[in-house]
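J.: Take 1 as the starting number for the sequence shown in the working numbering and just add one per residue.
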Amino acid sequence: MTATISQQSLPLPPGNFGLPLLGETLNFLCDPDYLEKRQKQYGFIFKTNLFGHPTVVTMGADANRQLFTQEKMHLASRWPECTRALLGSGSLLIQTGNEHQNRRKIFHKVFQPKIIEQSFSSIESISRSYLDKWERMGTFNWFPELSKFSLDVACKFLISLDTSNDDHFSKLFEKWGDGLFSVPIPLPWTKFGRALHSRKQLLIRIEEIVRERQQQSHPGQDLLGMLLQAQDEDGNKLSLQEVKEQVLTFLFGGHDTAASTLTSMCLFLAQFPEVLANARAEQRQLGLEEPLTVERLKQMNYLDQVLKEVLRVNPPGAFGFRRVTKEFEVNGYRVPQDWTVVYLFKRSHQDTSVYTQPECFDPGRFAPERAEDKAKPFGYLPFGGGLRECPGKEFAKLEMKLLTAMLLREYEWELVSGQNLNFVQFPTPYPYDGLKVKFRRLASQH
Numbered sequence: 001m002t003a004t005i006s007q008q009s010l011p012l013p014p015g016n017f018g019l020p021l022l023g024e025t026l027n028f029l030c031d032p033d034y035l036e037k038r039q040k041q042y043g044f045i046f047k048t049n050l051f052g053h054p055t056v057v058t059m060g061a062d063a064n065r066q067l068f069t070q071e072k073m074h075l076a077s078r079w080p081e082c083t084r085a086l087l088g089s090g091s092l093l094i095q096t097g098n099e100h101q102n103r104r105k106i107f108h109k110v111f112q113p114k115i116i117e118q119s120f121s122s123i124e125s126i127s128r129s130y131l132d133k134w135e136r137m138g139t140f141n142w143f144p145e146l147s148k149f150s151l152d153v154a155c156k157f158l159i160s161l162d163t164s165n166d167d168h169f170s171k172l173f174e175k176w177g178d179g180l181f182s183v184p185i186p187l188p189w190t191k192f193g194r195a196l197h198s199r200k201q202l203l204i205r206i207e208e209i210v211r212e213r214q215q216q217s218h219p220g221q222d223l224l225g226m227l228l229q230a231q232d233e234d235g236n237k238l239s240l241q242e243v244k245e246q247v248l249t250f251l252f253g254g255h256d257t258a259a260s261t262l263t264s265m266c267l268f269l270a271q272f273p274e275v276l277a278n279a280r281a282e283q284r285q286l287g288l289e290e291p292l293t294v295e296r297l298k299q300m301n302y303l304d305q306v307l308k309e310v311l312r313v314n315p316p317g318a319f320g321f322r323r324v325t326k327e328f329e330v331n332g333y334r335v336p337q338d339w340t341v342v343y344l345f346k347r348s349h350q351d352t353s354v355y356t357q358p359e360c361f362d363p364g365r366f367a368p369e370r371a372e373d374k375a376k377p378f379g380y381l382p383f384g385g386g387l388r389e390c391p392g393k394e395f396a397k398l399e400m401k402l403l404t405a406m407l408l409r410e411y412e413w414e415l416v417s418g419q420n421l422n423f424v425q426f427p428t429p430y431p432y433d434g435l436k437v438k439f440r441r442l443a444s445q446h
């Protein structure tokens, strides 16, 4: 769509730009109710200033449809300066155009169904070691543990590395991730400054891993192996810097999002006993004595519905950032060239034109007879959408279903009273106090 005279005469969305320079960036980062307040004030589209750019924030299935169907002609990636600096120009999240398309083809080879299913036994083994550990611990904060678990799984699958005894590696990732959405002041005591330092150390460690792999007779079939064999648009090998930054990006994407969703899953199962009882009943119907397999996971229809509802209520990637390359229109409003568009998946999942009582936790909305996520195109986007949908979503779902099935079959947990269960939103959602639980084996499993 070109910018016609009639389009140029369209109004800008309602809203305000906030403070000079900062705009409403601090509200966006620090106020968990900021987006809800603006939605009530302005509706499903409004203008503001975030991270130094005039910005249009959109939500809802109709706006998503307009954005994603026009994405190729009108939008390109634009993450905040802090995010770009910590990911690097060699990251798939930052790359655009032909370069981005070329790299996605590489990553789709890694996430083929056959290769994902071959990872089942290693995920099950890592899951078992953590379940045994949590049983011994008894009372603990679950989110940090799930972060370590999912990092171990990601490292094993993506770069064939065992990090089960490397706490330093996971702590570096935690500090690096904390700065991905922050005010980009590179001082040692700021979140951003600490994140830059952690990035440097992570890239040193990743380079060691890359160079060790390069000495082997065959690069392997994991993500790292694919990157070492890949060629760019001109037929050249990828640079060492890009290989390192792609590995960093996928290790983050492969563990932080899974840890966030698993934490939400464990919280909601504890908060909704009827859902927990139904999920346990499905496991009994499938046979507790039967070993878990990929095929058996595919038969867990109710667990699928629970996972979908967790991802609706608390999607790990709650928003996306794009730069407007050519002026266009959304919902009757003009979006000028070089502005930023931020689209909100989490708020879109509250769209009452798609979901019945969206404020309620209701896995049944995904049952075949209701299928609320099919009510409108682009109404359900837990892994993003359009040209930048998460390429590893099927791997993430396998990992999350497998660990949850093992939990349902063998363990129980209760929430420790007095903790703050409100969610931190950046870089991915998790409870403020880390989800403190008392964890034990089911009485029937002793």
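Every residue gets a Cβ at the ideal spot worked out from N, C-alpha and C, and that includes glycine.
Remember, predicted model here, so these are calculated numbers, not experimental data.
Taking just the CA atoms, how far does Ile-116 sit from Gly-332?
T.: Those two C-alpha atoms are separated by around 43 Å.
J.: Under DSSP, the beta strand (DSSP E) around Leu-398 begins and ends at which residues?
T.: Not the beta strand (DSSP E): Leu-398 falls in the alpha helix (DSSP H), residues 393-410.
J.: Quick check on His-487: buried or exposed, where buried means 16 or more other Cβ atoms within 10 Å of its Cβ?
T.: With the chain represented from 1 up to 446, any question about residue 487 goes unanswered, as that position is not in the structure.
J.: Does the pairing of the region 170-177 with the region 200-207 give three or more beta-carbon distances under 8 Å?
T.: The region 170-177 vs the region 200-207: in contact.
J.: What beta strand (DSSP E) runs, 3 residues minimum, are completely inside the region 300-364?
T.: Within the region 300-364, the complete beta strand (DSSP E) runs of at least 3 residues are 319-324, 328-330, 333-335, 340-344.
J.: What residue does the beta strand (DSSP E) around Ala-76 start on, and which one ends it?
T.: Taken as a continuous stretch (DSSP letters only), the beta strand (DSSP E) holding Ala-76 covers 75-77.
J.: Taking the C-alpha atoms as reference points, what is the distance between Tyr-411 and Arg-323?
T.: Their Cα atoms are separated by approximately 46 Å.
J.: Do you know how far the Cα of Pro-54 is from the Cα of Leu-161?
T.: Looking at the two C-alpha atoms, the distance is approximately 42 Å.
J.: Of all the options Phe-439, Leu-288, Leu-223, Asn-278, which has the alpha carbon lying nearest to the alpha carbon of Arg-103?
T.: Closest option to Arg-103, Cα to Cα, is Leu-223.
J.: Which residues share a DSSP beta bridge with Gly-15?
T.: Lys-47, per the DSSP bridge assignment.
J.: In whole angstroms, what is the alpha-carbon distance linking Gly-448 and Leu-269?
T.: The question about residue 448 has no answer here: the residues shown for the chain are numbered 1 through 446.
J.: So, Ala-371 versus Thr-257, is the Cβ gap smaller than 8 Å?
T.: Not in contact: Ala-371 and Thr-257 (Cβ atoms no closer than 8 Å).
J.: Give the straight-line distance between the Cα atoms of Leu-75 and Cys-360, rounded to the nearest whole angstrom.
T.: Rounded to the nearest angstrom, the two C-alpha atoms are 34 Å apart.
J.: Quick one: what does DSSP say Phe-383 is sitting in, helix, strand or coil?
T.: Looking at Phe-383 - three-state DSSP - the assignment turns out to be coil, as it is neither helix nor strand.
J.: Using 10 angstroms around the beta-carbon of Cys-30, count the other beta-carbons present and answer buried if the total reaches 16, otherwise exposed.
T.: Exposed is the call here.
J.: Can you give me the C-alpha to C-alpha distance between Asn-98 and Gln-419, rounded to a whole angstrom?
T.: Using only the alpha carbons, I get a separation of about 48 Å.
J.: Measure the Cβ-Cβ separation of Pro-427 and Gly-177 and say whether it is below 8 Å.
T.: Contact flag set, yes.
J.: Rounded to whole angstroms, what's the CA-CA distance from Ser-125 to Pro-20? Just pull it up for me.
T.: So the alpha carbons of these two residues sit roughly 53 Å apart.
J.: From the DSSP output, which residues share a beta bridge with Lys-436?
T.: Lys-436 pairs with Asn-141.
J.: Can you tell me whether Val-183 is helix, strand or coil according to DSSP?
T.: Correct three-state label for Val-183: coil.
J.: Taking Val-275 as part of the alpha helix (DSSP H), name the residues at either end of that continuous run.
T.: From DSSP, the alpha helix (DSSP H) with Val-275 extends over 273-286.
J.: Measuring straight from C-alpha to C-alpha, what distance separates Ser-77 and Val-342?
T.: Looking at the two C-alpha atoms, the distance is approximately 11 Å.
J.: By Cβ distance below 7 Å, which residues in the same chain neighbour Met-226 in space, the five residues on each side in sequence not counted?
T.: If we look at Met-226 and ignore the five residues flanking it on each side, its Cβ neighbours are Ile-106, Lys-109, Val-110.
J.: Whose C-alpha, out of Phe-44, Gly-18, Arg-65, is nearest the C-alpha of Phe-378?
T.: Selected option, being the one with the closest Cα: Arg-65.
J.: Do the CB positions of Ala-154 and Asp-351 come within less than 8 Å of each other?
T.: Going by C-beta atoms, Ala-154 is not nearer than 8 Å to Asp-351.
J.: Threshold first: 3 residues or longer. Then list the beta strand (DSSP E) segments lying entirely within the region 94-149, N to C.
T.: Complete beta strand (DSSP E) runs here, min 3: 139-141.
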